[in-house]
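To start, the structure itself, in structure tokens.
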Amino acid sequence: MAKIPVQFTLNGSEKAEFIDSGTTLLQALRDKIGDTSPKGGCHQGTCGACSVIIDGELRLSCLTLAETCNGATITTTSGLAEGGVLHPLQRAFLDTFATQCGFCTPGMIMAAKALLDHTPNPSRDEVVEALSGNICRCTGYEPIIQAVLTAARANSQNAA
Amino acid sequence: MALALQTFATVKAANAALKAAGTRYLGGGTLVVRAANEGDVSVSGLIRSTEPSLSTIAVAGDKVCIGASVTMAAIAGHPELGTLAKAARAVGGPAIRNMATVGGNLFAPAPYGDFAVALLALDATVSTDGGETPIETFLANRDGSRAVVTSVSFTLPKADSFRFLKVSRVKPKGVSVLSIAGALELSSDGTVTSARIALGCMADRPMRARAAEKALIGRTLTADGIAPALAAAGDGTSPITDPIASAWYRAEVLPVHLGRLLLA
Amino acid sequence: MELRKNYFADLRKDDLHEIGQPRPRSDSPGHVTGKTAFFADRNFPGMLHLKMVRSPHHHARIRSIDTSEAEKHPGVVKILTAKDVPHNVYTILILIQIGPEDETVLADGKVRWKGEAVVAVLAETERAAQEAAAKVKVDYEVLPAVFDMEEALKPDAPLVNEYHGQNYYLYDSGECRKVRFGDVEAGFAGADHILEQSYQSSPIEHAPTETTGCVVAPEGNDRFTCYTNTQAMFFTLDNTSIILQMPGSKLHFVGGTVGGGFGGKVDVIVEPIAILGAKLTGRPVCFIYSREEEMQISSPRAAEKVVIKDGVMKDGRIVARKVTGYTDAGAYSRHSPYGAQKGAGHYPGPYTIPNVWIDTYCVYTNRTPSSAMRGFGVTIGDFALEVQMDKLARLIGMDPLEFRFINAYRDGDMKAHRQPTEGAALIECMQEASRAANWPVAEKYLAMSSYVKGA
Amino acid sequence: MAIRRGRGVAAINYPTGMNLGGDPTQALVHSTPTGNFMVTLSSVDLGQGMKQIMAQICAETIGVPTDRVVVDTADTDTGPHCMGTFASRGTHRAGNAVIQAAREARQVMLEVAAEELEVNASDLETDGQGNILVKGAPQKSISIFDVALSAHFKRGRSISGRGMFLIPRSYPEKETGAMKPSTCYAHACTVAEVEVDDETGEVTVLTVKNVFEIGRALNPKMVEQQLVGGSWMGISHALYETTEPYYPNRDHGGTDFNQYLMPGPGDLAETEIIVLERPSADGPYGAKGPGEMCANPQIPAVANAVFDAVGVRIDTLPITPERVLRALKAQAAN
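Protein chains in written order, with my numbering: chain D, 2 to 161; chain S, 111 to 374; chain H, 5 to 459; chain E, 405 to 738.
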């Protein structure tokens, strides 16, 4: 079957691949491009482990067809650190011991980033809402909520 | 057959393509791509249209027309659709709301389809290239519906006349135990002059609570005033049983939650 | 979290450099950057996808299997049935001599639960494997099924598993694991009150965010490297060696970075069939459970029924406790005979009771085989025991926390399974809970100690 | 409508390990030429942090900072046998094996240092910072870096050690059930406070106060992770979770995270964790296994709190709104 060309910007660099029609963005990122930071936890849209940011919006890469992302700008957790310096969210997840098995972590960080990009000083309720599509089975969520609030505080201090 | 996506500039062309066997319309992907991922091999072709009107929200006075591809997030964030924001936010988590569309929600089986419950209470009209259909008729016939939904239209309710409640086990995002939407108009003395109440999870698709609506007319929104409506709330319902709750439970708590919504 | 160092201070030295320090986790930087390699992050050129054809029936005889249409499906590389598996009937605890072998890798002649694996399809893409799986035709003769443990234990119940011959696991002690301590009937006879209550649970899923699975790569030297999220490397390797009748030296398992386990990844299910597929095709193979499979096919925590009969005195002493525990193993043993036995060693809970009688049964029904989960053999028992303790306290009009102090075990107390208590700390936990929760108890209980007998 | 409050308590103990099948784990430790240490295992890290804890245990035993220890685990070509990660055995069993291996390696390290410093090995101690000192004369010292170089290139010694920890199998006695099913026991007591909506049967856990006795908190932050997450799972088991909501009926089993219910980030109880340490006689630095028991006491504590609130007993898990509502209706009918 004929392959379909797709082209998008991933974490600041241009990517072009030939894929099978119907390939999900999750498959394209992981299997074709080799960015395995989005995880396949359910392929149903119920766990959030595959979350990525497409043109500024949080999306589930498991339910997004790659060919609908032509020309898009995509951010994944593997692209957050700049020059080896961790993003404030990554730093906060470390400092608050918010990771255990780590499988949900990249998706959680994407969901949190989508929140902080629009709402730099969120309330606890806003953080809870922002993380509500992402499942964690290890932590009981509280350390993750604290990590996002910590990162937001760090951001606002830097801005001030 | 591998899964293949075809994209068309017009709804008309998409409708033509949907005549082929094994095709489904791709909205936000939250229903169809999930089905394909889970091994539903009955779907081999996905069809979508990029016609701009599908993604447009048009508000003229109190008349609203929402394109079928408009997402829940777009509705929740629209400055003139504040009364519907709660119902739009009731759907999924943030990522799902950035993807799930108005058109798709009309087809979501219970316990999903909370926004369609709101649209039913608004007595919306569903448009396709073939014409306009009252939402209640559309929902009743949706299983055989093949034509691409292009938009839904309704009269925007006044802020205090529209109420929405979703009850879920998991917060803030769980799927519905039940959902209730109510469009109520009151006279100056507080008596109900018109009422439309729609229920989610009380059947396999959103339904109107006509007996309760009727019982509210001429009554005030007090504990005594709504008692006949609560007693009639379950009339005609056949609640679903699923992992979230049994039909028995849904039937038992429907009047409780309806009462809380009406008295809120 | 608060460390309360005032308890047991005399038993502890605080002269350590690294232990007791909140060092950052060495794995977290990998987690937050998405760099941590889980098994499914390994991708090999030409990798095949394995999908399972599963039983739609709870209990059925297989009259025939027709894979001819599926084999012709584009992209299909290999289809496996029971006859392809060298040692198809197995049980994982055979490694510690707990038999009999009672489960099939791929169903052979019969299915015993809805979802049981029947045919494995290996194809170039996931989609091709799904499509071909839908073309496999299996002719079933549906048999009566039993789902309720009490029904299963009746003499005329449908037989779930012929390898056992009856719907319970036969221990060397008989139909159940038994603990006998003191004279329980004499204890009841002398008690001021008797309370018998029944408790029940339903199966619970581990629900790790990463589903069970493995990726297998042939190494070209007759060895196979299996990237897996098993919780037990050699346990899985050794069972695979038995099932595939392949020397262990041909197997290389790589794992140790797992997206949550909670006990759900101790069964040996995905690795043997994936390695067999790799061996027979010479290609890399991945077999990763879908979320639906993780939820309904992977072993859950067993449903349990626990019946507790207690004799208690007005002064608060429990003088006799009889516990009958039933573990719903589902259709196959997996770890359940062990879990039921572990339960026997856990009852009557952290209390010193002079007369104890325990029977724990491992029962077979036509449901998803259960297995280990966080708190295996104990969690549901603790629910039953501690609700029973609350009921007993209220029965005799005593504060529930004080009632537990009266019965709490202390160093040197003999447990029902005849081990003397060592290192007890129940009393201190309750003392601290009394303080933290502002739940007052009499001064004499605050003066108790786990390690001063009779204080 | 009435929201009614109640509270309940539960106390539990929990065994470490699985001696009913024999319970072994092995470890190997060796130094690199520049005095870093490799721990080789086949134990599995499920996310609880096994790799980090084994590094801290090895570092403590050898006498170096934790960041000089690397843990290589779960490759069957290199790692010696471990029974597996379950039964709260990982830290306890593998930790003991690592201590034994690290002690053997430390002894070689001290012997090489003794030769370099021309003293007796028994007169040496480590400072925990990477140096070996003569007891009572700390100015006379050598770095572990230099000791390792000497061992590798000058003295031909392998700074390495083998560790094996085995709890022999216990066979239950047929008639009496006499057995030794495990080794040390961890303990807990939880007080839960709930609100029950008596019109809908919905239960909200307001607070849980958990006291855990875990032997020794080897890394307090990681212990906290386990205990907080475990407490959440206990509440989840109490009120939400099952694959068969209508057990023993097999219908309506959940197949996704929408249908398989667990508390979301908006359902969290205010959670207090207090840790006591009574070091176990046989644990690595006194540790017991906290990973499983931390999810147990909340279940009965919540059940007892529901009774305290509304006077009905729900003896079937999970304690769903439906079960509570049915019980309340039965109570009202009587």
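For every residue, glycine included, the Cβ atom is placed at its ideal position computed from N, Cα and C.
Next item on the list: For C433 of chain H, name the three-state secondary structure that DSSP assigns.
Entry: Taking the third sequence and counting its residues from 1, the one referred to as residue 433 of chain H is at position 429. The answer is helix: DSSP assigns C433 of chain H an H, G or I state.
Margin query: Looking at the strands, I want to know which residues DSSP matches up with I301 of chain H.
Written below: Taking the first residue of the third sequence as position 1, residue 301 of chain H is located at position 297. Bridge partners of I301 of chain H: none, in fact.
Notebook entry, point to check: Name the DSSP beta bridge partners of C593 of chain E, please?
Noted result: On the fourth sequence, position 189 is the one that residue 593 of chain E refers to. In the DSSP output, where bridge partners are listed per residue, C593 of chain E has E:A415, E:V615.
Item checked: Interface positions of the region 292-324 of chain S facing chain D (Cβ-Cβ less than 7 Å), listed along the chain -> none
Next item on the list: Assign M487 of chain E to one of three DSSP states: helix, strand, or coil.
Entry: Counting from one through the fourth sequence, the residue named residue 487 of chain E turns up at place 83. Here M487 of chain E sits in coil by DSSP.
Checklist line | C-alpha distance - E579 of chain E paired with V183 of chain H, whole-angstrom precision | finding: Within the fourth sequence, residue 579 of chain E is the residue found at index 175, counting from 1. Within the third sequence, residue 183 of chain H is the residue found at index 179, counting from 1. Cα to Cα, the separation comes out at about 7 Å.
Notebook entry, point to check: Considering only residues of the same chain and omitting the five flanking positions on each side of T24 of chain D, which have a CB-CB separation below 6 Å?
Noted result: What you label residue 24 of chain D is simply residue 23 of the first sequence in a count that begins at 1. Closer than 6 Å at the Cβ level, and outside the excluded window around T24 of chain D, lie A67.
Item checked: DSSP-derived helix/strand/coil call for M153 of chain H -> Here residue 153 of chain H refers to the residue found at position 149 of the third sequence. Here M153 of chain H sits in helix by DSSP.
Notebook entry, point to check: For chain H, is any of its Cβ atoms less than 7 Å away from the one on T10 of chain D?
Noted result: For this step, residue 10 of chain D is matched to residue 9 along the first sequence. No, because no Cβ of chain H sits closer than 7 Å to the Cβ of T10 of chain D.
Check: How would you list, in chain order, the residues of chain H whose beta-carbon sits under 8 Å from the beta-carbon of G284 of chain S?
Finding: Looking up residue 284 of chain S in the second sequence gives position 174. Those within 8 Å of G284 of chain S in chain H number zero; the least Cβ separation is about 15 Å.
Next item on the list: For G668 of chain E, go through chain D and note every residue whose CB falls closer than 7 Å to its CB, in chain order.
Entry: Position 264 of the fourth sequence, counted from the first residue, corresponds to residue 668 of chain E. Chain D residues near G668 of chain E: S133.
Item checked: Outcome for D660 of chain E when other beta-carbon atoms lying within 10 angstroms are tallied against a minimum of 16 -> By 1-based counting over the fourth sequence, the position of residue 660 of chain E is 256. Result: buried.
Notebook entry, point to check: What residue does the beta strand (DSSP E) around V375 of chain S start on, and which one ends it?
Noted result: Absent from the structure is residue 375 of chain S, since the part of chain S shown begins at 111 and ends at 374.
Notebook entry, point to check: Using the C-alpha atoms, what's the distance from E155 of chain H back to T364 of chain H?
Noted result: Position 360 of the third sequence, counted from the start, is the residue given in the question as residue 364 of chain H. Position 151 of the third sequence, counted from the start, is the residue given in the question as residue 155 of chain H. Taking the straight line from one Cα to the other gives about 17 Å.
Note to self: I believe K692 of chain E touches A590 of chain E by the beta-carbon criterion, under 8 Å. Please report the beta-carbon distance rounded to the nearest angstrom.
What the structure shows: As a first step, residue 692 of chain E is located in the fourth sequence; it is residue number 288 there, counting from the start. As a first step, residue 590 of chain E is located in the fourth sequence; it is residue number 186 there, counting from the start. About 4 Å separates the two Cβ atoms, so the contact holds.
Check: Can you find a C-beta in chain S that's less than 7 Å from the C-beta of H163 of chain D?
Finding: What is shown of chain D runs 2 to 161, which leaves residue 163 of chain D out entirely.
Next item on the list: Count the other C-beta atoms from every protein chain shown that fall within 10 angstroms of the C-beta of A415 of chain E, then say buried if there are 16 or more, exposed otherwise.
Entry: The sequence position of residue 415 of chain E within the fourth sequence is 11, counting from 1. It is buried - the Cβ of A415 of chain E has at least 16 other Cβ atoms within 10 Å.
Check: Using the rule of at least 16 other Cβ atoms within 10 Å of the residue's Cβ for burial, across every protein chain shown, is H197 of chain H buried or exposed?
Finding: As a position in the third sequence, residue 197 of chain H is number 193, starting the count at 1. Classification of H197 of chain H: exposed, given that the 10 Å Cβ count is below 16.
Checklist line | Given S684 of chain E as reference, the closest of H:V93, H:R16, H:M299 once Cα atoms are compared | finding: In the fourth sequence, residue 684 of chain E corresponds to position 280, counting from 1. With distances taken between Cα atoms, S684 of chain E lies closest to H:R16.
Notebook entry, point to check: For the region 105-133 of chain D, which residues have a beta carbon sitting closer than 7 Å to at least one beta carbon of chain E?
Noted result: V129, L132, S133
Check: What are the start and end residues of each continuous beta strand (DSSP E) run of 3 or more residues lying completely inside the region 632-710 of chain E, in chain order?
Finding: 674-680
Item checked: Helix, strand or coil at N92 of chain H [DSSP, three-state] -> Working through the third sequence from its first residue, we reach residue 92 of chain H at position 88. Coil.
Check: Looking only at C-alpha atoms, which of S:N208, S:G149, S:N147 sits nearest to G138 of chain S?
Finding: Within the second sequence, numbered from 1, the residue matching residue 138 of chain S stands at position 28. Out of S:N208, S:G149, S:N147, S:N208 has the C-alpha closest to the C-alpha of G138 of chain S.
Check: Quick one, are the C-beta atoms of I307 of chain S and G328 of chain S less than 7 Å apart?
Finding: On the second sequence, position 197 is the one that residue 307 of chain S refers to. On the second sequence, position 218 is the one that residue 328 of chain S refers to. Going by C-beta atoms, I307 of chain S is not nearer than 7 Å to G328 of chain S.
Note to self: Please tell me whether L369 of chain E has its Cβ less than 7 Å away from any Cβ of chain S.
What the structure shows: Because residue 369 of chain E is not part of the residues shown, which for chain E are 405 to 738, the question remains open.
Check: Should G458 of chain H be labelled buried (16 or more other beta-carbon atoms within 10 Å of its own) or exposed?
Finding: Counting from 1 along the third sequence, the entry for residue 458 of chain H is found at position 454. Any answer about G458 of chain H is weak, because its pLDDT of 45 lies below 50 and its placement is not dependable; what the coordinates show is given next. Exposed.
Checklist line | For P649 of chain E and I350 of chain S, the rounded distance between their alpha carbons | finding: Position 240 of the second sequence holds residue 350 of chain S. Position 245 of the fourth sequence holds residue 649 of chain E. Answer to the nearest angstrom: the Cα atoms are 14 Å apart.
Next item on the list: Can you say whether I55 of chain D is buried or exposed, counting buried as having 16 or more other CB atoms within 10 angstroms of its CB?
Entry: In the first sequence, residue 55 of chain D corresponds to position 54, counting from 1. With 16 or more other Cβ atoms within 10 Å, it is buried.
Next item on the list: Please check if any C-beta of chain S sits within less than 7 Å of the C-beta of E135 of chain H.
Entry: Counted from its first residue, the third sequence places residue 135 of chain H at position 131. Taking Cβ atoms only, chain S reaches closer than 7 Å to E135 of chain H, which makes this a yes.
Notebook entry, point to check: Unbroken beta strand (DSSP E) runs of length 3 or more, entirely within the region 520-553 of chain E: which are they?
Noted result: 528-530, 535-538, 541-547
Next item on the list: Would you kindly check if the distance between the Cβ of G186 of chain H and the Cβ of N359 of chain H is under 7 Å?
Entry: Position 355 of the third sequence holds residue 359 of chain H. Position 182 of the third sequence holds residue 186 of chain H. Contact flag set, yes.
Check: To which residues of the same chain is K539 of chain E closer than 6 Å at the C-beta, ignoring the five residues directly before and after it?
Finding: Taking the fourth sequence and counting its residues from 1, one reaches residue 539 of chain E at position 135. Answer for K539 of chain E: D527, E529, listed in chain order.
Margin query: Using 8 Å for Cβ pairs, my map puts I384 of chain H next to A420 of chain H. What's the rounded Cβ distance?
Written below: If you number the third sequence from 1, residue 384 of chain H lands on position 380. If you number the third sequence from 1, residue 420 of chain H lands on position 416. About 18 Å; that fails the 8 Å criterion.
Item checked: chain H contact residues for N653 of chain E, given Cβ-Cβ distances below 8 Å -> For the purposes of this step, residue 653 of chain E is taken as the residue at position 249 of the fourth sequence. Ordered by position in chain H, the residues that pass the 8 Å Cβ test against N653 of chain E are F151.
Next item on the list: Please name the residue in D:M109, D:H44, D:P6 whose C-alpha comes closest to that of E297 of chain H.
Entry: Locating residue 297 of chain H in the third sequence gives position 293, where the first residue counts as 1. The candidate whose alpha carbon is nearest that of E297 of chain H is D:H44.
Check: Does the beta-carbon distance from I536 of chain E to A517 of chain E come in below 7 Å?
Finding: Position 132 of the fourth sequence, counted from the start, is the residue given in the question as residue 536 of chain E. Position 113 of the fourth sequence, counted from the start, is the residue given in the question as residue 517 of chain E. A contact, by the Cβ cut-off of 7 Å.
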